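Chemist:
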Amino acid sequence: MAFKRVAVFGACGLEGELLLTALADADLGVASVKAFANEGDGETVMFRGRPVAVHEPDTADFNGVDAAIFLNEGFSDFALIDAAEDAGLVVLDCTDTLAQRGDVAVFSDGVELDGEARLFAIADAVSSHAAALLRQLPKGSVKAVNLAIAQPVSVWGRLGVETLAAETARLLNGQAPESSSFGQQLAFNVLSRPANSVAALEHSLSHLLSADGGAVTVTASEMLVPVFYGHTAMLRVSCNDAVDISTLKQKLAANEQFRLFPQEDIAEASPVSLQESETIDISALIADRQDETAFRCTVVGDNLRKGAVNNIIALLKILIKINI
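Okay, so the sequence shown: first residue is 1 according to UniProt numbering, each after it adds one.
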């Protein structure tokens with residue numbers, strides 16, 4: 001089936017803007033969207049070159065809607081996810097609400113689907129990128145993953161990006177930054193991330209990896225760094241057996257989904273090296289010195305274009321193909 005009318009919750013955020021563009025560009029048969037966002041009354045978003053009125057989530061009406069997509073930025077009425085399920089819609093949830101139920105599949109591009117499912121938890125960008133890398137290993141070979149993640153301010157949405165830009169400009173001009181909505185200065189600073197965001201990521205990645213065979217333990221720590229876009233995740237991966245690093249590098253180099261660094265005159269992957277790249281960038285891929293069954297690497301990816309939006313479009317294409 002085609003998804004002719006789609007409801008997008010969180011439509012005014014950074015991911016919402018990118019998603020609407022992707023829905024218009026992809027061959028999904030989407031003819032129109034219903035847009036919702038917290039405090040969205042009076043706002044408009046663009047879809048296929050035309051303005052679409054944004055409404056408050058509590059006014060949502062699912063009549064005539066084929067699918068509902070729930071994004072993180074600008075949406076907090078999680079009871080609407082249950083309402084969309086009760087209405088019989090295909091539901092794609094990026095808020096971690098469905099993921100916590102335990103009976104809903106966590107999806108990232110490359111995951112096989114249960115043909116009967118209509119509810120999907122959408123994996124975050126870091127989990128998606130780490131899982132894509134680790135799927136290059138033999139199935140069921142990963143035992144545990146430890147991640148240290150530097151997240152850009154865009155994980156806090158448009159407000160995070162605008163706040164960092166404003167604070168940086170003021171500080172570079174010798175002015176003190178204005179009081180921040182985030183409680184602390186973002187520019188030239190490093191902030192710890194709340195435990196609930198880390199727990200959601202651990203759950204998502206563990207689910208993705210365990211689906212490939214065997215339970216996988218995931219532990220993560222996060223910090224917010226003064227970067228606009230692009231996350232950097234440093235991984236230590238423990239496996240059941242020794243990993244052939246040379247073979248893994250060859251597989252990554254041959255797969256256009258990845259870029260393996262060094263690349264020409266660029267020694268290491270970083271958010272700056274992403275620019276307009278659609279790849280997941282890998283560097284510092286080495287065997288662990290203390291454990292022959294473990295290896296380390298750094299994974300860098302675009303947290304917006306190659307995160308939830310990419311997963312949503314990939315999932316909708318699969319659902320159309322299998323005629324959900």
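Even for Gly, the Cβ is constructed at its ideal location relative to N, Cα and C.
Source: prediction; values computed, not measured.
Taking the alpha-carbon positions, what's the A294 to V8 distance?
Modeler: About 41 Å.
Chemist: So, at 7 Å on beta carbons, what are the nonlocal neighbours of L159 in its own chain, with the 5 sequence-adjacent residues on each side left out?
Modeler: S181, listed in sequence order.
Chemist: Does the separation of the CB atoms of A233 and A99 fall below 9 Å?
Modeler: No, the Cβ-Cβ distance between A233 and A99 is not below 9 Å.
Chemist: Measuring CB atoms only, is the segment 116 to 135 touching the segment 300 to 316, in the sense that at least three cross pairs come out at less than 8 Å?
Modeler: Yes, they touch.
Chemist: Assign R298 to one of three DSSP states: helix, strand, or coil.
Modeler: The sequence shown places Thr at residue 298, not Arg. Residue state, collapsed to three classes: strand.
Chemist: Pop quiz: L134 and L209 are said to be a contact at Cβ under 8 Å. What is the actual Cβ separation, rounded to whole angstroms?
Modeler: Yes, they are in contact, since the Cβ atoms of L134 and L209 sit about 6 Å apart, within 8 Å.
Chemist: Can you tell me where the beta strand (DSSP E) with A308 in it begins and where it stops?
Modeler: Taken as a continuous stretch (DSSP letters only), A308 belongs to no beta strand (DSSP E), being part of the alpha helix (DSSP H) at 308 to 321.
Chemist: If I'm right that V54 touches A83 with Cβ under 8 Å, what's the distance once you round it to whole angstroms?
Modeler: That belief does not hold up - the Cβ atoms of V54 and A83 are roughly 19 Å apart, past 8 Å.
Chemist: Can you tell me whether V237 is buried or exposed? The criterion is at least 16 other CB atoms within 10 Å of its CB, across all chains shown.
Modeler: V237 is buried by the Cβ-count criterion.
Chemist: In angstroms with no decimal places, state the Cα-to-Cα distance between L18 and E292.
Modeler: Spanning the two alpha carbons is a distance of roughly 42 Å.
Chemist: State the Cα-Cα distance for the pair S283 and L235, rounded to the nearest angstrom.
Modeler: Near 11 Å, if we compare the C-alpha coordinates of L235 and S283.
Chemist: Got a sec? Which residues, its chain only, sit under 7 Å from S32 by beta carbon, not counting five neighbours each side?
Modeler: R5, listed in sequence order.
Chemist: Identify, in the order they occur along the chain, each residue of the same chain with its Cβ nearer than 6 Å to the Cβ of N240, setting aside the five sequence neighbours on each side.
Modeler: Answer for N240: S141, K143, listed in chain order.
Chemist: Can you check which of these residues, L20, A2, G13, F3, is closest to V161 by C-alpha distance?
Modeler: Here the closest residue by C-alpha is G13.
Chemist: DSSP on D86, reduced to helix/strand/coil?
Modeler: Correct three-state label for D86: helix.
Chemist: Tell me the rounded alpha-carbon separation between Y229 and A166.
Modeler: Near 16 Å, if we compare the C-alpha coordinates of A166 and Y229.
Chemist: Do V106 and A117 have their CB atoms nearer than 9 Å?
Modeler: For V106 and A117, no; Cβs fall outside 9 Å.
Chemist: According to the neighbour-count rule (16 or more other Cβ atoms, all chains shown, within 10 Å of its Cβ), is A11 buried or exposed?
Modeler: By the neighbour-count rule (16 or more Cβ atoms within 10 Å), A11 is buried.
Chemist: Please confirm whether V216 and L224 have their CB atoms less than 9 Å apart.
Modeler: No, these two residues do not count as a Cβ contact at 9 Å.
Chemist: Would you kindly check if the distance between the Cβ of F258 and the Cβ of I286 is under 9 Å?
Modeler: Not a contact, by the Cβ cut-off of 9 Å.
Chemist: What's the call for D66, buried or exposed, on a 16-neighbour Cβ count within 10 Å?
Modeler: It counts as buried.
Chemist: Out of G29, D25, T21, E73, which has the shortest C-alpha to C-alpha gap to I320?
Modeler: Cα-wise, what sits closest to I320 is G29.
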